[in-house]
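A short write-up of the structure that comes next.
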Amino acid sequence: MNHRGPLDRVEWIRALTLATVATLVAGCSTVQGPEYKRPDVPDKPQWSQLEGREITASEVIQPDWWHGFGDPYLIQLIQRAIDQGLDMRIAALRLDKAGVQLGKDHFAATPKVAVVPADAIARGKRNNETAKTTRETESLGAGLTWELDIWGKIHKEMQAADARYRATEMDWRATQLALIASVAERYFQIRQFDEQVAQQIDSKKQAEQLLDIYYAQHKEGMVPETKIRSQKAEVANLQNRLLDLQRGRAEAELKLATLVGVPAGELSVPVGNLRDSVRILEMPEVLPADVLARRPDVLKAEYDVLAAHHLVGKARLARLPTFSLTGAAKTGQSFTSRVINTWTFGLAATWGGMFDRDLKMDVKLNEADLAISREEYRKTVLGAYEEVEIAMLNLTARREQIKQLEAQVADLQVVRNVQDARLREGLVSQLEVFDTERSLLGAQQEILSTYEQLLTDTVTLYKALGGGWESEQVGGREVADSKTVK
């Protein structure tokens, strides 16, 4: 019979332990779960408003795309909002906080060291003759614990932390893009009000001139007093509308001030005409296909999925045995007498996670969070497709509406010129003149409103396409460097 000696048994146990650990390590990739994969979403091979042309990943949006409107004052306002707007400051502070949290999370992978009193025993001796007590205490110790990331649990936690930070960065991008859009839209409203006010003043002057004509005709007995009263009512109506436009302009200016980071009432936008100040940006003939890799909100939703994916892996790995290196050292009875008296070093293992019901429920909870984040990502993607399609649909419709309105205005101006001449001769009625003037003013202001909506839809399209941000791939793939718009 072959008997094993004490040394053989130790070697045998050591070999068995190493073999077990090696087998478990080899199966880590299976234990950690599958690699991250972007959630499936419906394909979008082409945009319906581009006559069936295939979309491409070509670069069509410049980082400072709003310069294309050709308005220096608008460019100045947007830069001011980016530099000092409170929305951007808050988003930047949140990003800074996320960076601090990321650094804190990464400390989880470092050894834990603690310096504490060890064997803090007070020994006293009283001398009755001298009534004096002497005390001896003091022994200091230091302990170190370093969890070995055999299964990759800590690595999963770090990956989840990185994904959460990137999601916060996408929030910062989305805030900037939304701020640029809001400033542009509010500025377009102000310019629209400016031109509408000018039109209203012009129409009111013409109504007042017509009132003067009625006064003159009434003195000669050509028209009754009721015509004068009717025309005065029309002038009052035009004045009331003028006051409403001026109020709307002032309100838009107050709101714009808040966007750029100054107290309401402290910003004064110079008067200017919308169509003279801001030119229309043509819709790009080629739109990028990689909207999902450009839009901050879509990227943020995918980073949320990625973080949830890694947290599921971490929760599963938390149920496996934990191995930690431990060490301790302490001084002697007096710290001043000897620096290091004893020290220990070892390998600690914890095996109870496999049977911990709380850890098992944590896995299910994280899997539920992952399922929710995937559906939220799909919802965000479908919303992105919708915004692009609606923006292009509106742009196409607005351009056609402007053409029709311009033709209508041209016809009404001819009619008004003819009626002005015939009115002085008493050949047309006051009612006909009123109808023509109202129709002309309405068409002119409708053109302005449609022009402003066209500009706003253009901003919406560029925002829906991800603004000027470069494309970025999430999770296990090469990530493009982000560029901050200056």
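In our numbering, the protein residues as written are 7 to 492.
Even for Gly, the Cβ is constructed at its ideal location relative to N, Cα and C.
Contacts around residue i, its chain only, beta-carbon distance under 7 Å, and the 5 residues preceding and following it disregarded
| i | result |
| --- | --- |
| G474 | I67, Q68, P69, D70, W71, V491 |
| H316 | K162, Q165, A166, A169 |
| T181 | D93, M94, A97 |
| V47 | R384, V387 |
| L260 | A270, G271 |
| N400 | D463 |
| A114 | I160, E163 |
| V229 | Y220, Q223 |
| T356 | P327, T328 |
Short Cβ contact (9 Å threshold) for residue i with residue j
| i | j | result |
| --- | --- | --- |
| I84 | I186 | yes |
| E163 | D93 | no |
| Y494 | Q202 | Shown here, the chain extends from 7 to 492; a query on residue 494 therefore has no answer. |
| L331 | T151 | yes |
| F199 | L251 | yes |
| L183 | K210 | no |
| Y171 | G105 | yes |
| S379 | A314 | yes |
| L498 | Q419 | Look at the range of the chain in this structure, 7 to 492, and you will see that residue 498 is not part of it. |
| T442 | R428 | no |
| Q205 | Q451 | yes |
| E308 | R100 | no |
| D310 | E393 | no |
Spatial neighbours of residue i in its chain, beta-carbon cut-off 6 Å, leaving aside the 5 residues before and after
| i | result |
| --- | --- |
| G481 | Y42, L312 |
| A397 | D463, T466, L467, A470 |
| A213 | E240, V241, L244 |
| L22 | The predicted position of L22 is uncertain, since its pLDDT is 49 and thus under 50; a value taken from the coordinates is nonetheless stated next. Nothing listed; no residue qualifies. |
| G33 | Only weak support is given to the placement of G33: the predicted model assigns it a pLDDT of 46, under 50, and the question is left unresolved by the model. |
| L326 | W157 |
| D375 | A314 |
| G227 | none |
| Q414 | A449 |
| S283 | D77, R197 |
| N372 | L317, V318, A321 |
| R253 | none |
| E412 | none |
Proximity winner among the options, relative to residue i (alpha-carbon distances)
| i | options | result |
| --- | --- | --- |
| A190 | G74, Q245, R179 | G74 |
| P78 | R380, P276, E201, Q205 | P276 |
| A416 | P48, E257, G448, D46 | G448 |
| G158 | A374, G319, D177 | G319 |
| R179 | Q215, A222, K306, A104 | K306 |
| L80 | V229, V266, A242, E231 | V266 |
| G278 | N400, Q90, I196, L418 | I196 |
| M367 | L411, S379, E392, A324 | A324 |
| A2 | K103, I156, T264 | The structure shown does not extend to residue 2, since the chain spans only 7 to 492, so no value can be given for it. |
| T402 | L287, V439, E231 | L287 |
| G91 | E443, L262, Y309 | L262 |
| V439 | L216, P45, L280 | L216 |
| R285 | T264, G76, D49 | G76 |
| T328 | R44, L154, R86 | L154 |
| T264 | T116, Q419, E382, I88 | I88 |
| R235 | E373, N246, D218 | D218 |
| V268 | R86, S283, A222, T116 | R86 |
| L108 | E175, L280, D49 | E175 |
| G472 | G227, D49, Q82, D177 | D177 |
| R444 | T116, D208, Q82 | D208 |
Beta-carbon contacts of residue i that lie in its chain and below 8 Å, excluding the five residues immediately before and after
| i | result |
| --- | --- |
| A390 | V297, L298, R301, D303, V304, A470 |
| I408 | I453, T456, Y457, L460 |
| E231 | H224 |
| R3 | This structure cannot settle anything about residue 3, because the visible part of the chain is limited to 7 through 492. |
| A258 | R192, Q195, I196, F199 |
| D362 | R325 |
| K489 | Confidence at K489 is low in this model, with a pLDDT of 34, below 50, so the placement of that residue should be treated as unreliable; the coordinate-derived value is given next. Excluding residues within five positions, the ones whose Cβ falls inside 8 Å are P69, G474, W475, E476. |
| R281 | E201, L454, Y457 |
Any C-beta of chain D under 9 Å from that of residue i
| i | result |
| --- | --- |
| E214 | In the structure shown, chain D cannot be found, because there is only a single protein chain. |
**Message:** To test your reading of the DSSP string, which unbroken beta strand (DSSP E) runs of 3 or more residues are found completely within the segment 162-236?
**Reply:** none
**Those runs of the alpha helix (DSSP H) which lie wholly inside the segment 249-321 and span at least 4 residues** = 280-283
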